[in-house]
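With our numbering, letter number 26 in the sequence shown gets 48, and the count goes up by one each step, no holes. Inspection log for the structure reproduced underneath, given as structure tokens.
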Amino acid sequence: MKECVFCSNIVSGREAFIFYRNQRIIGFMDKFPVEEGHCLIIPVKHYENIFSIEKDVYLEIQDLARYLSRALMEVFNADGINIGQNNGECARQVVMHYHLHVIPRHCGNEIRWDRVRMSQDQLADQARRIKDALKRIMDH
Ligand SMILES: [Zn+2]
């Protein structure tokens, strides 16, 4: 099997800007965001996509997305949130490890789907701000 970049870089913590982690799921900054604040949520265990992921971990990811959406509205002063997820190569799934995109949107700012450049420092700062907001929202 081809090496999975999410298993080798994110689950391992080697190259990840993580804002949420428990034993089953991880939330982190997309290194190649289409908008500022573009986040991903993945299961710790390697499931390829919607066809193989287990129900409990799937639901836990959706639940985090619900809290994360509120955190992103606050941290990035967003006007809306896109949540999306690709399954299979013909559906443009590139990394074959289930991942949910959560993307803050601003009115009048169309996504062009080309990537926005973010420095390591910016990504680290965003992850820290999301982590703080998320903790506050989830504790409530
Ligand atoms: Zn993987």
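Every residue, glycine too, gets a C-beta built ideally from N, C-alpha and C.
According to DSSP, residues forming a beta bridge with residue i
i: Y42; result: G49
i: G106; result: H123
i: P65; result: I47
Contact test: residue i Cβ vs ligand 1 heavy atom, cutoff 8 Å
i: V116; result: no
i: F50; result: no
Extent of the continuous alpha helix (DSSP H) to which residue i belongs
i: I152; result: Q142 to D161
i: K77; result: K77 to V97
I need the residues with a C-beta less than 5 Å from some heavy atom of ligand 1; please give them in chain order. C26, F28, C29, H68 and H119
Is it true that the segment 56 to 64 meets the segment 83 to 103, where meeting means three or more beta-carbon pairs spaced less than 8 Å apart? yes
Decide if the segment 68 to 75 is in contact with the segment 114 to 128; the criterion is three or more beta carbon pairs, one per stretch, under 8 Å apart. yes
Examine the Cβ distances between the segment 73 to 89 and the segment 37 to 56 and report whether three or more of them are shorter than 8 Å. yes
Taking contact to mean 3 or more Cβ pairs, one atom from each stretch, closer than 8 Å, check whether the segment 24 to 38 and the segment 73 to 81 are in contact. no
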